[in-house]
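Our numbering puts the first residue of the sequence shown at 2, with every later residue one more than the last.
Don't be surprised by glycine CBs; every beta carbon is placed ideally from N, CA and C.
Model, not experiment: these values are computed from the prediction.
So the structure is just underneath, and the comments pick up after that.
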Amino acid sequence: MTSGTTTVDAGTALRLAGVTKDFTTRHHGAVRALDDVDLLVERGEFVCVVGASGSGKSTLLSIVAGLETPTAGQVTLDGATIDGPGPDRGLVPQAMTLHPWRNVERNVAFGLELLGISAAERARRVDWYLAEIGLTRLRRSLPRQLSGGQQQRVAIARALACEPEVLLLDEPFGALDVQTKEDMQVLVRKIWRDTGTTVLMVTHDVDEAVFLGSRVVVLACDPGRVAADITVELPAGRDLTIKRTPEFLAIRARVEDMVRVYHRTDAGGEA
Numbered sequence: 002m003t004s005g006t007t008t009v010d011a012g013t014a015l016r017l018a019g020v021t022k023d024f025t026t027r028h029h030g031a032v033r034a035l036d037d038v039d040l041l042v043e044r045g046e047f048v049c050v051v052g053a054s055g056s057g058k059s060t061l062l063s064i065v066a067g068l069e070t071p072t073a074g075q076v077t078l079d080g081a082t083i084d085g086p087g088p089d090r091g092l093v094p095q096a097m098t099l100h101p102w103r104n105v106e107r108n109v110a111f112g113l114e115l116l117g118i119s120a121a122e123r124a125r126r127v128d129w130y131l132a133e134i135g136l137t138r139l140r141r142s143l144p145r146q147l148s149g150g151q152q153q154r155v156a157i158a159r160a161l162a163c164e165p166e167v168l169l170l171d172e173p174f175g176a177l178d179v180q181t182k183e184d185m186q187v188l189v190r191k192i193w194r195d196t197g198t199t200v201l202m203v204t205h206d207v208d209e210a211v212f213l214g215s216r217v218v219v220l221a222c223d224p225g226r227v228a229a230d231i232t233v234e235l236p237a238g239r240d241l242t243i244k245r246t247p248e249f250l251a252i253r254a255r256v257e258d259m260v261r262v263y264h265r266t267d268a269g270g271e272a
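This is the structure in structure tokens:
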């Protein structure tokens with residue numbers, strides 16, 4: 002058992018059961034961000050969650066990360082109830098969160114130090130993940146010396162170095178240019194295949210979700226709830242050229258149509 006979890010009955014990977022989240026706001030009183038969300042992410046899956054602003058995507062990920070507590074329902078990981086942050090989940094947010102005073106290798110090692118991992122094991126993991134993200138030669142560089150894409154590579158390596166059961170990605174490529182974003186998509190899919198880590202990602206980019214995911218879950222808005230759960234039947238060894246195929250375009254169109262149907266038409270931001 003790890004910190005942030007309480008052992009209950011045995012389960013399968015990540016499960017959200019009847020998850021509801023209410024917030025109290027100054028001007029609108031009680032607001033329901035998520036309503037009775039059921040979601041199962043099997044071990045080793047790459048599941049992308051999409052939806053318009055107001056669908057509660059980031060709220061859902063914060064609950065899984067243990068940063069928010071559901072008003073009702075339960076979230077379990079391998080049968081253990083999630084009730085706080087823990088090393089069994091690695092979170093990569095959109096905002097750059099590297100420690101500016103630490104170089105690349107020391108940023109990657111940060112979580113390992115907190116976990117009390119031995120120096121030899123830290124060095125082994127840091128070396129492996131730096132090679133995996135292609136930044137071995139920049140291991141002594143500070144974050145300010147890196148591009149945005151390189152910084153996000155380091156953030157992903159830092160999360161994965163702790164070898165979590167689930168990697169949580171909260172729109173990590175939203176601030177990147179198109180070319181860098183696509184490079185990162187290819188990298189993340191490679192890392193996923195190399196490590197077998199379960200991934201849950203939220204994104205507003207349907208193209209990205211279909212390319213990366215083995216499944217795409219569409220959230221409806223106001224309140225957020227599961228509107229569709231679509232299996233992405235594309236080759237596992239896909240590269241960027243697949244985005245031009247009829248099969249990819251058909252799945253993307255289906256997801257886009259679902260997002261549009263369940264888009265909240267009134268103004269409002271992400272819950």
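Neighbourhood of residue i by C-beta distance below 6 Å, restricted to the same chain and skipping five residues each side
i	result
Val93	Ala156, Ile157, Ala160, Leu170 and Pro173
Leu131	Thr137 and Arg140
Ala221	Ala228 and Tyr263
Glu69	Ser63
Arg16	Leu41 and Thr77
Arg107	none
Cβ-heavy atom distance, residue i to the ligand NAP, below 6 Å
i	result
Glu122	The ligand NAP is absent from the structure shown, which contains no ligand whatsoever.
Local conformation of residue i per DSSP, three classes
i	result
Thr204	coil
Ile134	helix
Ile231	strand
Arg245	helix
Leu168	strand
Leu199	Just to set this straight, residue 199 is Thr in the shown sequence, not Leu. Of the three classes helix, strand and coil, the one that applies to Thr199 here is strand, per DSSP.
Leu116	coil
Leu213	helix
Gly238	coil
Ala221	strand
Arg190	helix
CB contact flag (residue i, residue j, <7 Å)
i	j	result
Ala229	Met259	yes
Val105	Arg145	no
Gly238	Ala34	no
Ala162	Val109	yes
Gly45	Gly175	no
Glu164	Asp89	no
Glu248	Val207	no
Val203	Leu62	yes
Gly67	Ile83	yes
Asp223	Gly55	yes
Glu133	Ile192	yes
Chain-order list of residues whose beta-carbon lies under 7 Å from that of residue i (same chain, five-residue window excluded)
i	result
Gln232	In the sequence as presented, Gln is not what sits at residue 232; that position holds Thr. Excluding positions up to five away in sequence, the list reads Arg216.
Ser142	Asn104 and Val105
Cutoff 8 Å; reference residue i; Cβ partners in own chain excluding five residues on either side
i	result
Val218	Leu40, Val48, Cys49, Val50, Val51, Val227, Ala229, Asp230 and Ile231
Arg255	Ile231
Practice task
Taking 8 Å as the threshold, find out whether the region 113 to 125 comes into contact with the region 167 to 174 through three or more Cβ pairs.
Solution key: no
Practice task
Run through the region 49 to 110 for me and flag every whole beta strand (DSSP E) of 3 or more residues, listed as ranges in chain order.
Solution key: 73 to 78, 81 to 83 and 90 to 93
Exercise for the section: Answer yes if the region 139 to 155 comes into contact with the region 172 to 189, meaning at least three C-beta pairs across the two stretches below 8 Å, and no otherwise. Expected result: yes
Problem - Meets three-Cβ-pair contact criterion under 8 Å: the region 36 to 56 and the region 206 to 226 - result: yes
Problem - Segment contact flag, the region 60 to 75 with the region 20 to 29, C-beta cutoff 8 Å, min 3 pairs - result: yes
Problem - Complete runs of the beta strand (DSSP E) confined to the region 16 to 48 [at least 3 residues] - result: 30 to 42
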